[in-house]
């Protein structure tokens with residue numbers, strides 16, 4: 022009997038801690054307080070995984086995560102009940118910050134580049150990905166890649 026395909030696999034090679042701050046009437050060069058903020062496991066592939074999970078579609082998020090930000094990414098996925106398989110890397114995963122001004126309707130994004138991935142970490146991910154793909158009906162690669170993988 023053939024393999025059973027049971028999920029969509031999302032791949033985020035440059036995952037982030039995504040923080041959104043709501044700052045009404047943002048003025049550059051001034052101090053502001055954000056009355057609202059949201060912090061999530063981020064990166065385009067993580068966003069796809071979150072959307073699929075919300076729709077009730079079986080999904081698994083894969084990629085790289087490291088350092089304290091990597092821990093926060095794992096915690097965010099766990100809180101959202103999104104299963105994951107993330108390769109631990111030496112570097113600290115990046116932060117992505119969005120500042121939303123509801124008064125002007127603008128959004129400003131500040132994204133870090135992210136950490137490099139070692140050849141050994143890349144090999145480990147490749148092995149895991151090959152295994153995970155056996156159970157996937159589709160694979161979504163989304164978002165940026167670590168600087169040394171471009």
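In the working numbering, the protein residues as written are 22 to 171. We treat Cβ as the ideally placed atom computed from N, Cα and C, and that holds for glycine.
Scanning 147, 101, 138 and 102 for the CA closest to the CA of residue 112 turns up 138.
Closest option to residue 143, judged by alpha-carbon separation, among 38, 50, 52 and 169: 169. Between residue 163 and residue 33, the C-beta gap is smaller than 8 Å, which places the two residues in contact.
A Cβ-Cβ contact shorter than 8 Å links residue 53 with residue 44. Of all alpha-carbon atoms in 136, 80 and 128, the one lying nearest the alpha-carbon of residue 42 is that of 128. Using a Cβ distance threshold of 8 Å, residue 97 and residue 84 do not count as a contacting pair. Secondary structure of residue 55 (DSSP, three-state): coil. The beta-carbon separation of residue 61 and residue 82, rounded to 12 Å, does not stay under the 8 Å limit for a contact.
Between residue 28 and residue 156, the CB-CB gap stays under 8 Å. Distance from residue 77 to residue 117 at the Cβ level is roughly 27 Å; contact not present, criterion being Cβ atoms closer than 8 Å.
Spatial neighbours of residue 88 in its own chain (CB-CB distance under 7 Å, excluding positions within 5 residues in sequence) are listed in chain order as 112, 113 and 114.
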